[in-house]
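Report on the following structure.
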DNA sequence: ATAATATTCACCACTTTTCCCCACTAAATG
DNA sequence: CATTTAGTGGGGAAAAGTGGTGAATATTAT
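Protein chains in written order, with the working numbering: chain C, 138 to 282; chain D, 138 to 282.
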């Protein structure tokens with residue numbers, strides 16, 4: 138296990154579409170990153186290294202499978218490579234802001250090998266909808282040793 | 138069994154979100170620790186070693202599976218690695234304070250391989266609600282060898 | 001093609017938060 | 001009673017985050 142992204146952060150998207158990616162996540166991600174449409178109405182942010190290994194995996198998928206083809210299309214069409222500005226911010230293009238319904242307050246979470254960017258509203262709903270079931274699952278994990 | 142955490146302690150959360158973790162628990166936990174959302178509205182505190190063994194269990198999960206994705210997201214977004222300051226305190230991020238409804242007085246308990254942090258109110262309620270039932274359970278435990 | 005307008009991006013200034021340190025009090029130890 | 005250890009609180013330097021300005025680039029209109 139080489140990459141470990143964790144934590145929940147609440148930052149602001151400014152009028153120019155910029156957000157600070159928390160420094161603790163930046164340290165892990167490195168300078169060059171890839172932002173793309175994610176699942177569950179969020180945006181996914183990968184280090185280039187992780188992104189490249191993902192690409193390799195996609196390469197092995199059978200393109201005759203319609204689902205695979207669509208999934209890869211989904212992920213790649215929205216993807217852009219970015220760098221941080223001097224203050225540790227990235228600029229989120231309008232089409233991705235709209236995709237994730239981002240408003241001023243956004244939630245940035247670490248999730249193993251990627252960072253996810255959520256609108257505050259969607260994140261709260263996600264937690265509300267899934268909390269009970271997920272705590273049950275984690276209950277098993279925590280207790281079985 | 139290598140880790141054995143025990144005891145109940147009542148400490149204060151100060152205005153900066155800091156709590157002292159009792160020194161007896163610190164000795165067992167080691168320097169580097171992981172704090173995360175726990176069960177029953179409490180927070181769980183693990184040594185990195187213990188945390189890593191937990192992580193190994195779901196590192197292999199595929200992110201295309203919705204359940205896996207949600208679960209990893211839930212667990213890791215709540216987690217943060219911490220170190221103690223010179224006085225043996227940790228800083229609890231706002232979102233975790235809110236999660237556990239922490240107010241000034243918090244209850245810190247050792248529970249086998251983890252430390253749990255409770256709000257005083259929730260802890261008292263938990264004890265009140267469960268005491269009778271628990272005495273029955275433990276009765277069985279003590280007798281069966 | 002040139003001027004006018006808009007967009008992008010690097011940089012600067014400010015505010016807020018975090019973190020490290022010190023000082024004090026309370027409790028435990030000998 | 002003196003000395004050490006644990007816990008509490010706060011000040012201040014440094015880092016992180018926020019918002020804006022203006023130059024450079026691109027876009028559009030004339």
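Even glycine gets a Cβ: it sits at the ideal position worked out from N, Cα and C. All figures in this text were calculated on a predicted structure; none of them were measured in a lab.
* Cβ pair count under 8 Å reaching 3, the segment 166–185 of chain C against the segment 226–235 of chain C -> A contact is defined here as three or more CB-CB pairs under 8 Å, and the segment 166–185 of chain C meets this definition with respect to the segment 226–235 of chain C.
* Output the distance between the C-alpha atoms of residue 148 (chain D) and residue 211 (chain C), rounded to the nearest integer angstrom. => For the purposes of this step, residue 148 (chain D) is taken as the residue at position 11 of the second chain. For the purposes of this step, residue 211 (chain C) is taken as the residue at position 74 of the first chain. Cα atoms of residue 148 (chain D) and residue 211 (chain C): separation of roughly 50 Å, rounded to the nearest angstrom.
* Does the beta-carbon distance from residue 188 (chain C) to residue 165 (chain C) come in below 8 Å? -> Walking along the first chain from the start, residue 188 (chain C) turns up at place 51. Walking along the first chain from the start, residue 165 (chain C) turns up at place 28. Going by C-beta atoms, residue 188 (chain C) is not nearer than 8 Å to residue 165 (chain C).
* For residue 143 (chain C), collect the residues of the same chain with a Cβ closer than 7 Å to its Cβ; drop the 5 residues on either side in sequence, then sort them by chain order. => Taking the first chain and counting its residues from 1, one reaches residue 143 (chain C) at position 6. The residues are 247.
* To do: Starting from residue 249 (chain C), find everything on chain D with Cβ-Cβ shorter than 7 Å and list it in chain order.
  => Along the first chain, one-based indexing puts residue 249 (chain C) at 112. Result: 209 and 213.
* **Minimum length 4: unbroken alpha helix (DSSP H) runs contained in the segment 216–253 of chain C** => 231–236
* Asked: Using the C-alpha atoms, what's the distance from residue 169 (chain D) back to residue 254 (chain D)?
  -> Against the second chain, residue 254 (chain D) aligns to sequence position 117. Against the second chain, residue 169 (chain D) aligns to sequence position 32. So the alpha carbons of these two residues sit roughly 17 Å apart.
* Asked: Taking residue 190 (chain C) as the reference, which of C:251, C:256, C:278 and C:260 has the closest Cα?
  -> Against the first chain, residue 190 (chain C) aligns to sequence position 53. A check of alpha carbon separations from residue 190 (chain C) across C:251, C:256, C:278 and C:260 identifies C:251 as the nearest.
* Three-state secondary structure (DSSP) of residue 256 (chain D) -> The count along the second chain starts at 1 and reaches residue 256 (chain D) at position 119. Note: residue 256 (chain D) maps to strand in three-state DSSP.
* Along the alpha helix (DSSP H) that carries residue 161 (chain D), what are the first and last residues, could you check? => As a first step, residue 161 (chain D) must be located in the second chain, where it is residue number 24. That run of the alpha helix (DSSP H) goes 160–166.
* Asked: Among D:256, D:206, D:267 and D:240, which residue has its Cα nearest to the Cα of residue 175 (chain C)?
  -> For this step, residue 175 (chain C) is matched to residue 38 along the first chain. The shortest Cα separation from residue 175 (chain C) among D:256, D:206, D:267 and D:240 belongs to D:206.
* Under three-state DSSP, which class holds residue 214 (chain C)? -> The residue you call residue 214 (chain C) lines up with position 77 of the first chain. Under the three-state reduction of DSSP output, residue 214 (chain C) falls in the helix class.
* To do: Give a yes or no on whether 8 Å exceeds the smallest Cβ distance from residue 258 (chain D) to chain C.
  => Translated into the one-based positions of the second chain, residue 258 (chain D) becomes position 121. With respect to chain C, the C-beta atom of residue 258 (chain D) has no partner C-beta closer than 8 Å.
* To do: List the endpoints of the continuous alpha helix (DSSP H) containing residue 194 (chain C).
  => Position 57 of the first chain, counting from 1, holds the residue named residue 194 (chain C). Counting along the chain, the alpha helix (DSSP H) containing residue 194 (chain C) begins and ends at 185–197.
* **Residue range of the unbroken beta strand (DSSP E) whose run includes residue 169 (chain D)** => Position 32 of the second chain, counting from 1, holds the residue named residue 169 (chain D). Residue 169 (chain D) -> beta strand (DSSP E) spans 169–174.
* **Secondary structure of residue 202 (chain D), DSSP reduced to three states** => Counting from one through the second chain, the residue named residue 202 (chain D) turns up at place 65. Residue state, collapsed to three classes: coil.
* To do: Grab me the residues of residue 145 (chain C)'s own chain with a C-beta within less than 7 Å of its C-beta, minus the 5 sequence neighbours each way, in chain order.
  => Sequence index remark: in the first chain, residue 145 (chain C) carries index 8 (1-based). Excluding sequence neighbours, residue 145 (chain C) sits near 244 and 246.
* **Close Cβ partners of residue 155 (chain D) (< 8 Å) along its chain, the five nearest in sequence each way excluded** => Here residue 155 (chain D) is taken as the residue at index 18 of the second chain, counted from 1. Cβ neighbours of residue 155 (chain D) beyond the five flanking positions: 222, 226, 227, 228 and 229.
* Asked: Hey, is residue 194 (chain D)'s beta-carbon within less than 8 Å of any beta-carbon in chain C?
  -> Counting from one through the second chain, the residue named residue 194 (chain D) turns up at place 57. So yes, residue 194 (chain D) belongs to the interface.
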